[in-house]
Structures are given as C-alpha cells and as structure tokens.
Amino acid sequence: LDDKELKILRTTKEIVRHDNKPGAFLSDNKDWLKIATTDGYIHVHELQLAGRRRMSVSDFLNGYSF
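Residue numbers for the sequence shown, in our numbering: 84 to 149.
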C-alpha cells in the first residue's frame with residue numbers, strides 16, 4: 084500500500100483459534116481479506132484508500148494484493 088492511509092469501513096468478527104500472528108493480513112487476492120487477532124479474525128467487507136471512493140474488498144483486490 085506504499086504508506087497510504089486505509090480506512091476499514093465494514094467488518095465482521097470471527098472467533099476461532101489459529102496460528103497467525105495478530106495483525107497479519109490474509110487474503111485469497113480475489114474475494115476476501117481478513118486480519119488476524121489474538122482470538123480470531125476480522126473479515127473486511129468494505130474499505131477506502133485515502134482520496135479514493137469506498138469499495139468492496141473484491142474491487143480493492145482487483146488492484147492490490149497481499
């Protein structure tokens with residue numbers, strides 16, 4: 084993201100055990116993006132880059148990958 088500000092606008096929380104480091108971004112680079120937390124994941128559904136319009140995660144992943 085080259086130090087661009089990213090606003091996360093719509094999410095859901097999944098409580099599950101995992102081995103990922105909290106704060107790690109995980110994605111299929113097509114349809115979904117989630118962030119690891121200590122007790123599960125935050126699934127991101129809608130976000131906005133600074134100076135850009137709101138967009139769905141799938142639209143965002145058309146131009147960016149993790």
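Glycine residues also receive a C-beta, built at the ideal position from the N, C-alpha and C atoms.
N-terminal and C-terminal residue of the alpha helix (DSSP H) that residue i is part of
{"i": "Ser-141", "result": "140-144"}
CA-to-CA distance, residue j to residue i, given in whole angstroms
{"i": "Leu-116", "j": "Ser-110", "result": "4 Å"}
{"i": "His-101", "j": "Phe-143", "result": "25 Å"}
{"i": "Val-140", "j": "Asp-122", "result": "22 Å"}
{"i": "Ile-98", "j": "Tyr-124", "result": "7 Å"}
{"i": "Met-138", "j": "Leu-92", "result": "9 Å"}
Residues near residue i by beta carbon distance below 8 Å, same chain, minus five either side
{"i": "Lys-104", "result": "Ala-119"}
{"i": "Thr-94", "result": "Ile-125, His-126, Val-127 and His-128"}
Strand pairing of residue i, partner residues [DSSP]
{"i": "His-126", "result": "Thr-95 and Lys-117"}
Neighbourhood of residue i by C-beta, 6 Å cutoff - its chain only, sequence neighbours within 5 removed
{"i": "Asp-114", "result": "Ser-141"}
{"i": "Phe-155", "result": "Only positions 84 to 149 of the chain appear in the structure, and residue 155 is not among them; the question remains open."}
Residues near residue i by beta carbon distance below 7 Å, same chain, minus five either side
{"i": "Lys-96", "result": "Gly-123 and Ile-125"}
{"i": "Lys-90", "result": "Leu-130 and Gln-131"}
(Q) If we require 3 or more residues per run, which beta strand (DSSP E) segments fall completely within the region 89-123? (A) As far as the region 89-123 is concerned, its whole beta strand (DSSP E) runs of at least 3 residues are 89-98, 108-110 and 116-120.
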